[in-house]
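**Q**
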Amino acid sequence: AQSVTQLGSHVSVSEGALVLLRCNYSSSVPPYLFWYVQYPNQGLQLLLKYTSAATLVKGINGFEAEFKKSETSFHLTKPSAHMSDAAEYFCAVSTRGFKTIFGAGTRLFVKA
Amino acid sequence: NAGVTQTPKFQVLKTGQSMTLQCAQDMNHNSMYWYRQDPGMGLRLIYYSASEGTTDKGEVPNGYNVSRLNKREFSLRLESAAPSQTSVYFCASSVGRDQETQYFGPGTRLLVL
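In order, the protein sequence lines correspond to chains Y and U.
With positions in the first sequence counted from 1, the corresponding number in the numbering used here is that position plus 593.
With positions in the second sequence counted from 1, the corresponding number in the numbering used here is that position plus 728.
#1: Can you tell which of U:Gln745, U:Asp826, U:Ser777, U:Leu838 has its C-alpha closest to the C-alpha of Lys799 of chain U?
#2: Go through its chain and collect everything with a Cβ distance to Phe667 of chain Y's Cβ below 7 Å, but skip five positions before and after it.
#3: Here's the rule I'm using: 16 or more other beta-carbon atoms within 10 Å means buried, otherwise exposed. How should Thr836 of chain U be labelled?
#4: For chain Y, find out if any of its Cβ atoms is closer than 9 Å to the Cβ of Thr829 of chain U; answer yes or no.
#5: Quick check on Asp678 of chain Y: buried or exposed, where buried means 16 or more other Cβ atoms within 10 Å of its Cβ?
#6: Determine the DSSP secondary structure at Thr754 of chain U, reduced to helix, strand or coil.
#7: Exposed or buried, Gly696 of chain Y, counting other C-beta atoms within 10 Å across all chains shown (16 or more means buried)?
#8: Could you give the distance in angstroms between the alpha-carbon of Leu838 of chain U and the alpha-carbon of Ser812 of chain U?
#9: Excluding five sequence neighbours on each side, which residues of the same chain lie with their C-beta closer than 6 Å to the C-beta of Arg825 of chain U?
#10: Which residues of chain U have a Cβ atom closer than 9 Å to the Cβ of Gln638 of chain Y, listed in chain order?
#11: Shorter than 9 Å from the beta carbon of Phe802 of chain U to some beta carbon of chain Y?
#12: Between the region 801-816 of chain U and the region 743-754 of chain U, are three or more C-beta pairs nearer than 8 Å?
#13: How is Met769 of chain U classed by DSSP in three states: helix, strand or coil?
#14: Spatial neighbours of Thr688 of chain Y within its chain, please: C-beta separation below 6 Å, excluding the five flanking residues on both sides.
#15: Can you give me the C-alpha to C-alpha distance between Leu841 of chain U and Gln830 of chain U, rounded to a whole angstrom?
#16: Please report how far the alpha carbon of Arg700 of chain Y lies from the alpha carbon of Thr814 of chain U, in whole angstroms.
Next comes the structure, spelled out in structure tokens:
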């Protein structure tokens with residue numbers, strides 16, 4: 594079985610500040626991990642994906658995430674927030690033989 | 729390249745009415761999915777089709793039926809709509825079922841009165 598937990602349904606940062614969105618997963622086998630972003634009134638789109646090739650994964654728009662097996666975490670970060678980063682972010686886990694499971698989402702607010 | 733398309737974009741139904749949500753993808757993907765998104769509940773899988781000719785229930789299948797018409801198209805039918813089915817519905821597709829990136833359509837906003 595697998596599961597994913599996103600800590601914090603809402604996160605607010607100032608423009609230019611560090612963005613940190615937290616994701617913890619549970620999986621009995623090596624997982625593939627994803628971050629998706631959803632802008633208002635749009636569908637989800639892939640931000641980045643971990644496939645076990647490298648623990649630090651770089652995505653679009655300056656985001657990156659680090660896979661930490663010991664902490665079962667895959668937190669999403671961006672050094673400097675921009676107003677255009679305001680969106681909802683979903684962490685997801687998938688393993689061979691199982692469907693992808695999405696977290697509940699974290700809405701990011703960026704203050705000017 | 730249109731990706732995943734959904735119709736309609738918005739629909740209002742009365743309780744008891746039926747309707748079909750259409751989804752098509754042009755990426756030659758094998759797997760397709762229907763999700764609903766409700767505030768605070770993230771994405772919940774309604775039905776999925778791992779490959780052409782197969783469909784399986786997801787987390788919340790009650791009140792819905794699906795048809796994988798061909799490799800491109802996957803429709804979702806509400807036989808007798810209820811207010812609890814007011815939601816935003818997303819269709820998605822992927823190369824395979826496991827460990828694959830999913831590509832989402834723009835969504836259908838459904839209001840059941």
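Yeah, the Cβ is synthetic: ideal placement off N, Cα and C, and Gly gets one too.
**A** Quick look at the numbers:
#1: U:Ser777
#2: The beta carbon of Phe667 of chain Y sits closer than 7 Å to those of Cys616, Tyr618, Leu626, Tyr643, Ala658, Phe660, Cys684, all from its chain and outside the five residues before and after it, given in chain order.
#3: Thr836 of chain U comes out buried.
#4: yes
#5: buried
#6: Looking at the sequence provided, one finds Asp at residue 754 of chain U rather than Thr. The three-state secondary structure of Asp754 of chain U, taken from DSSP, is coil.
#7: Buried.
#8: Computed Cα separation, rounded: 11 Å.
#9: Ser759, Ala778
#10: Tyr831, Phe832
#11: no
#12: yes
#13: coil
#14: Gln595, Ser620, Val622, Pro624
#15: Distance between the alpha carbons of Leu841 of chain U and Gln830 of chain U: 31 Å.
#16: 21 Å
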